[in-house]
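So that you can map any letter, position 330 of the sequence shown is 330 in this note's numbering, and since no number is skipped, the others follow by simple counting. Using N, Cα and C, we set each Cβ at its ideal position, and we do this for glycine too. Quick caveat, the model's predicted, so the values are computed rather than measured. In what follows, a single structure is set out as structure tokens and then discussed.
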Amino acid sequence: HEEDPASRRYGAHKLAEAIRNKQLSPVELMEATLKRIGEINPKLNAYLIVTEEEAMRAAREAEKGLHTGAKPGPLHGIPVSIKDLVLTKGIRTTQGSLVYKDFIPDKEGTMVQRLKAAGAIIIGKTNTPEFGLSCCTENKLTDTCRNPWNTERNSGGSSGGAAAGTAAGISPLAQGSDGGGSTRIPASWCGVFGLKASYGRVPKDVQPWGVSHVSCLDPMTRNVRDTALMLNVMAGPDGLDYSCIRTAPPDFLKAVDGKLGKLRIAWSPDLRYGVKVDPEVKSAVEAAARVFAGMGHEVEEAAPDTGEPFDLWDVLLAAQYDLYLDFALDKHADELMDYTRLALECARGLGGVEVARTWTQIERVRGIMRDFFEKYDLLLTPTTAVTAPPVGKRGRGRGRGFIDWDFIPFTSVFNLTGNPAASVPCGFSAGGLPVGLQIIGRFGDEVTVLQASAAFEEAQPWADKYPAVS
């Protein structure tokens, strides 16, 4: 790979240090980043919008600040992509839909403001399925977002553009979001690190729709340390979001350097859901469990007895999306993707008693999960049941028929319960596709999840592996 500091092989923490020490120019870094977007994006469709002029203007301001005595923030001059579900003031935000293809917000949320205040520079908006409603990043705005390890395969979703761009080395930091696995699924299929923090760890004020009672705004990076750096900036209480965790977050970057004590770890190949798991995926995750056992942790096969969560999640999602998007079914039906229509049609068949019953069942699942994590410090599972599927393939054999649960059965339950969960690259299939290990911790304990992820990264490094398109 290139030897210059603007190379894709340098993580955000190293780039930020080089900028602070005036060994790297923010302008040079931005020029290299935009050059990579120009070369790579036509092959992947990772970005829906590229803010080239604004990014270069901000990079010049960042450069100027270094020479005028201004104290640089922790992300000073570092390029970051924002998922196109997230409002960005003055930057087109399509939600991956023809319905909002020309929408330019006049506001943005605390999370975006915090990234900018820390010195990060937005380079564009990454591709997403319509309204984030699919595990495969396909919409009517552009071609499918393709997997850089094999462009005939899907990148995952709904943060598919974020994962594809990060895997291909376009930029070191990407923002994703996760209401049912949407950070962890594409991280798994594209071979990068994706963390869904505890529910409420990162404020999500001003977001107009989505599964708001279970969704999170997240970092996605090539290594664990960069995620901790980014989460330090994103996390913390916010008076605009009532659901935020009210206590101040720990220093996640400092925590990554901390020593991991002996843990009691459960692992499960299928969470007892009775789903079919690709043998190569199961084998890679079982091998990862053995790595933790080899570190001296107590590891045993076990799973929380929650039952399958698919119907609960489908009802919750359909009901919440109906609140914001019911008009689209009447006025824009022919512009919608099939999965969006199916979800909104499902919502119209729901009654208040069914939605209330669903919430009661979710509370039961949360209690079961709390009890499970009284006994165990971590739970290991496959992130997904399969490696990245071929473009256009569906796996809708469960739930209400609009989510590909056959591909992604293991992530959504941790949205319902709020637990922090990460997808860690843990190997490759015989065909060269990445496999993700999901590491889940107690509610509020991102520190142990990050420390365990960093320990696994040290034991089995992945960040130096690059896909064919990069």
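Using the C-alpha atoms, what's the distance from C216 back to Y199? 6 Å
Measure how close the beta-carbons of T142 and L44 come, nearest whole angstrom, since I'm counting them as under 8 Å. No, T142 and L44 are not in contact; Cβ-Cβ is about 11 Å, not under 8 Å.
Starting from R153, follow the beta strand (DSSP E) in both directions and report where the run begins and ends. N150 to N154
Assuming contact is defined by CB atoms lying nearer than 8 Å, are T381 and W189 in contact in what I supplied? No, the pair does not count as a contact, with Cβ atoms beyond the cut-off.
Does the distance from the CB of D429 to the CB of E280 come in under 8 Å? The sequence given here has Ser at residue 429, not Asp. Yes, the pair counts as a contact, with Cβ atoms nearer than the cut-off.
Environment of A70 [buried if 16+ CB atoms lie within 10 Å]: exposed
For G367, the three-state DSSP class (helix, strand or coil): helix
For G512, which residues in the same chain have their Cβ closer than 7 Å to its Cβ, ignoring the five residues on either side in sequence? Outside the shown range of the chain (1 to 470) lies residue 512, about which nothing can therefore be said.
So is Q23 buried or exposed if we call it buried at 16+ other beta carbons inside 10 Å? exposed
Note down the Cα distance separating D270 from V435, rounded to an integer number of angstroms. Between D270 and V435, the alpha-carbon positions lie close to 15 Å from each other.
Count the other C-beta atoms from every protein chain shown that fall within 10 angstroms of the C-beta of A318, then say buried if there are 16 or more, exposed otherwise. Counting Cβ neighbours within 10 Å, A318 comes out buried, since at least 16 surround it.
Considering only their Cβ atoms, is the gap separating V80 from S171 smaller than 8 Å? yes
Just the C-alpha distance for G418 and F443, rounded to the nearest angstrom, thanks. 6 Å
Only counting the same chain, and skipping five residues up and downstream in sequence, which positions put a Cβ closer than 7 Å to that of N147? R153, N154, S155, A164, W189, C190 and A388
Can you check whether the CB of L229 is closer than 8 Å to the CB of P409? no
Residue span of the alpha helix (DSSP H) that contains E28, given as start and end: Start and end: P26 to L44.
Near L329, which residues of its chain fall below 6 Å by C-beta distance, leaving aside the five closest residues on each side in sequence? L344
Coarse secondary structure for T126, derived from DSSP in three states: strand
Where do the ends of the alpha helix (DSSP H) carrying C346 lie? D338 to R348
Complete alpha helix (DSSP H) runs within the region 171-250 (minimum length 4 residues, chain order): 184-190 and 224-234
For the pair the region 60-69 and the region 100-112, tell me if three or more CB-CB distances fall below 8 Å. no
Using beta-carbon positions only, say whether M369 and T306 come within less than 8 Å of one another. yes
Straight-line gap, L15 to K196 (C-alpha atoms, nearest Å): Whole-angstrom Cα-Cα distance: 24 Å.
Give every residue of the same chain whose Cβ lies closer than 6 Å to the Cβ of F310, excluding the five residues on either side of it in the sequence, and list them in chain order. R398, G399 and W405
Report back the beta-carbon spacing between T358 and I185 to the nearest angstrom; my notes put them in contact at under 8 Å. Rounded, the Cβ-Cβ distance is 22 Å, inconsistent with contact.
Distance, A255 Cα to L169 Cα: It should be pointed out that residue 169 corresponds to Gly in this sequence rather than to Leu. In a straight line, the C-alpha of G169 is about 26 Å away from that of A255.
Can you pull the DSSP bridge partners for E52? BP columns for E52 are empty, so no partner.
Taking C-alpha atoms, which residue in E28, G239, L231 and K262 lies nearest to L253? L231
Starting from F428, follow the beta strand (DSSP E) in both directions and report where the run begins and ends. Start and end: A421 to F428.
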